[in-house]
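Chemist: My structure is below; once you've seen it, I'll send some questions.
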Amino acid sequence: MKVFKSEQARRKVLASYDELIAMWGVETASHHIPSKWGSTHCLIAGDKANPPLVLLHGVGDNSAVMWALNMKELSKRYFCIAVDTLGGPGKSMPNERYTKESFRQTEWLSEVIDFFELDQVYMAGVSNGAYMAYRYTTEHPERIRRTMCLEGGIVTSPIKSMISTLLLMFPEILVPTERNMHRIVRRLSAPQSDVFDRYPMLASHLVLLMKSHNQQAMFPHKVETYDEAKGAAVRDKLFFLLGDQYRVVSKRTVDLISRGQYTHRMLEQTGHGINHERPEEVHEEIFRFLAD
Numbered sequence: 014m015k016v017f018k019s020e021q022a023r024r025k026v027l028a029s030y031d032e033l034i035a036m037w038g039v040e041t042a043s044h045h046i047p048s049k050w051g052s053t054h055c056l057i058a059g060d061k062a063n064p065p066l067v068l069l070h071g072v073g074d075n076s077a078v079m080w081a082l083n084m085k086e087l088s089k090r091y092f093c094i095a096v097d098t099l100g101g102p103g104k105s106m107p108n109e110r111y112t113k114e115s116f117r118q119t120e121w122l123s124e125v126i127d128f129f130e131l132d133q134v135y136m137a138g139v140s141n142g143a144y145m146a147y148r149y150t151t152e153h154p155e156r157i158r159r160t161m162c163l164e165g166g167i168v169t170s171p172i173k174s175m176i177s178t179l180l181l182m183f184p185e186i187l188v189p190t191e192r193n194m195h196r197i198v199r200r201l202s203a204p205q206s207d208v209f210d211r212y213p214m215l216a217s218h219l220v221l222l223m224k225s226h227n228q229q230a231m232f233p234h235k236v237e238t239y240d241e242a243k244g245a246a247v248r249d250k251l252f253f254l255l256g257d258q259y260r261v262v263s264k265r266t267v268d269l270i271s272r273g274q275y276t277h278r279m280l281e282q283t284g285h286g287i288n289h290e291r292p293e294e295v296h297e298e299i300f301r302f303l304a305d
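For the working numbering, count along the sequence shown from 1 and bump the result up by 13.
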């Protein structure tokens, strides 16, 4: 399955990917981890003697852009493992077994963790990465110390979620010019956010991903809907950090998190790009919760 729409698109994305890594401001190393479903690329940073923190990005993102404003601080306290999701527009390379019928998301993540010879890890994810972290925690609680879900985690209706996200892109997506794509990227953040003015490379990379990624490459990742009993069983391991602008995560989902008595916090004047818009607050909450 092709991850990118063309070879030229792939080369452009990977060149931009490497430019973003250069702005992280921290020493990193790359690992290409073999698995049943292909080669998984991970970026690591921080002292291996520190507690391990597995980081998972969103559905149309990659590790380079997702953690650009976070890795420097997170790697001071944790051995960070930023995973490029199989099928996502990063450096991971699916093989012929990566299909909707055979791919097993949690088993794949276990293979990544096993590569680093880790029994237990902390996890943090944003958007779809939060969903993957939440799901892994419910299915393999014995391997998780604690999990931070940023702007995501619980999915009640995959179709409704997809439609809501698509509606955010209208009408600009009908005429996908460079200018319109930049408007879509900015719309996911709070109106007050100036993150893309301060870091224009982030916006440019996200637009490049929207133009280059074959979104069907993510179809093998089956989405499991929320199971209240499974969530309750690992409630103490979970923390949800959310924006108050309801860009992607709905008010209904936030109400569900509240009714389920999960530990959570809403950041004011914050949209879906929570860790880009409010990096300092995100770091503080991660450090506080994972240290408790």
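Idealized CB from N, CA, C, for every residue including glycine. Since the model is a prediction, treat every value here as computed from it, not as a measurement.
(1) Is the number of C-beta pairs between the segment 130 to 144 and the segment 102 to 112 that are closer than 8 Å three or more?
(2) Run through DSSP, which three-state label would G142 get?
(3) Smallest Cα separation from H45: which of V96, E298, T160 and H226?
(4) Taking 8 Å as the cut-off, decide whether the C-beta atoms of L163 and V125 are in contact.
(5) For a test of the three-state rule: what should DSSP assign to F128, helix, strand or coil?
(6) Do the segment 48 to 55 and the segment 113 to 131 meet, that is, are 3 or more Cβ pairs less than 8 Å apart?
(7) Just tell me which of L66, Y91, G103 and A246 has its CA closest to the CA of S225.
(8) R159 by DSSP, collapsed to three states: which one?
(9) Flag this pair as touching only if the segment 247 to 256 and the segment 16 to 35 have three or more C-beta atom pairs under 8 Å; answer yes or no.
(10) Within its chain, find whatever has a CB closer than 7 Å to the CB of F302; leave out the 5 residues flanking it on each side and keep chain order.
(11) Among the residues of its own chain, which have a CB less than 7 Å from the CB of I270, if the five just before and after it don't count?
(12) In this structure, how does DSSP classify A81 when only helix, strand and coil are distinguished?
(13) Quick check: the segment 225 to 236 against the segment 87 to 95, are there 3 or more CB pairs under 8 Å?
(14) Taking F92 as part of the beta strand (DSSP E), name the residues at either end of that continuous run.
(15) Straight-line CA distance for E241 to S170?
(16) For T194, collect the residues of the same chain with a Cβ closer than 8 Å to its Cβ; drop the 5 residues on either side in sequence, then sort them by chain order.
(17) Apart from the five residues just before and just after V198, which ones in its own chain have a Cβ nearer than 8 Å to its Cβ?
(18) Tell me the residue span of the beta strand (DSSP E) that contains P171.
(19) At which residues does the alpha helix (DSSP H) containing A7 begin and terminate?
(20) Would you mind reading off the limits of the beta strand (DSSP E) that contains M279?
(21) Which residue from A203, L66 and F129 puts its Cα closest to that of V261?
(22) Assuming P292 is part of the alpha helix (DSSP H), what are its boundary residues?
(23) Buried or exposed: which applies to A62, given that a residue is buried once 16 or more other Cβ atoms fall within 10 Å of its Cβ?
(24) Can you name the residues that DSSP bridges to P107?
(25) Indicate the three-state DSSP secondary structure (helix, strand or coil) for H226 in the structure shown.
(26) Whose C-beta lies closer than 6 Å to the C-beta of I57 among residues of the same chain, with five residues either side of it excluded?
Modeler: Here's the rundown:
(1) Too few Cβ pairs lie closer than 8 Å, so no.
(2) Helix, per DSSP.
(3) Closest option to H45, judged by alpha-carbon separation, among V96, E298, T160 and H226: V96.
(4) Cβ atoms of L163 and V125: not closer than 8 Å.
(5) F128 falls in the helix class under three-state DSSP.
(6) Contact between the segment 48 to 55 and the segment 113 to 131 is present, because at least three Cβ pairs lie under 8 Å.
(7) Residue G103 is the option with its Cα nearest to S225.
(8) When secondary structure is reduced to three states using DSSP, R159 falls in the strand class.
(9) With fewer than three CB-CB distances shorter than 8 Å, the segment 247 to 256 does not count as touching the segment 16 to 35.
(10) These residues qualify, in order along the chain: R159, M161 and F252.
(11) Listed in chain order, the non-local C-beta contacts of I270 below 7 Å within the same chain comprise I167, F253 and H277, local neighbours out to five positions each way being set aside.
(12) Shown here, A81 sits in coil according to DSSP, grouped into three states, outside any helix or strand.
(13) Segment contact: the segment 225 to 236 against the segment 87 to 95, fewer than three CB-CB distances shorter than 8 Å; contact not assigned.
(14) Note, F92: beta strand (DSSP E), F92 to V96.
(15) Each residue's Cα considered, the two are about 14 Å apart.
(16) For the sequence presented, residue 194 should be read as Met rather than Thr. The answer, listed in chain order, is E185, V220, M223 and K224.
(17) Result list for V198: F209, A216, L219, V220 and M223, in chain order.
(18) For P171, there is no enclosing beta strand (DSSP E); the residue is part of the alpha helix (DSSP H) that begins and ends at P171 to L181.
(19) As displayed, the chain neither begins before 14 nor continues past 305, which places residue 7 out of reach and without an answer.
(20) Unbroken beta strand (DSSP E) run through M279: T276 to L280.
(21) It is A203.
(22) P292: member of the alpha helix (DSSP H) spanning P292 to A304, first to last residue.
(23) Exposed.
(24) Answer by DSSP bridge pairing, in chain order: G51.
(25) Strand, per DSSP.
(26) Excluding sequence positions up to five before and after I57, its CB lies within less than 6 Å of the CB of A42 and I94, all in the same chain and listed in chain order.
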